[in-house]
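Worksheet: the structure to be examined is printed underneath.
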Amino acid sequence: MARASKLSRKFFLQIVEEIYIRRKNTDIDVVDKNYISVTPLQIDQTDFTFIKKLNYKVIIPSKKQQ
783 MARASKLSRK FFLQIVEEIY IRRKNTDIDV VDKNYISVTP LQIDQTDFTF
833 IKKLNYKVII PSKKQQ
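Counting from 1, position 36 in the sequence shown corresponds to residue 818 in my numbering; the numbering is continuous, with no gaps.
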């Protein structure tokens with residue numbers, strides 16, 4: 783939907799309706815009930831197991847090739 787501002791600049795509004803299917807014991811469900819949801823994270827989120835499964839080799843070009 784296009785509109786004009788007080789300075790006659792054109793801008794667009796995007797209207798979005800959020801669709802949420804409530805599921806018990808999800809993060810959103812417990813936050814809606816005024817609880818805190820804690821997600822276990824680690825600082826280094828590199829998936830080393832997956833990287834090993836890729837079985838690739840890192841090739842660093844020599845200065846002669848550059």
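C-beta: ideal position from N, C-alpha, C; glycine also.
Here the structure is a predicted model, which means the values were calculated and not measured.
DSSP three-state call for residue i: helix, strand or coil?
i	result
residue 792	strand
residue 810	helix
residue 828	coil
For a quick check, are the C-beta atoms of residue i and residue j less than 8 Å apart?
i	j	result
residue 814	residue 805	no
residue 819	residue 809	yes
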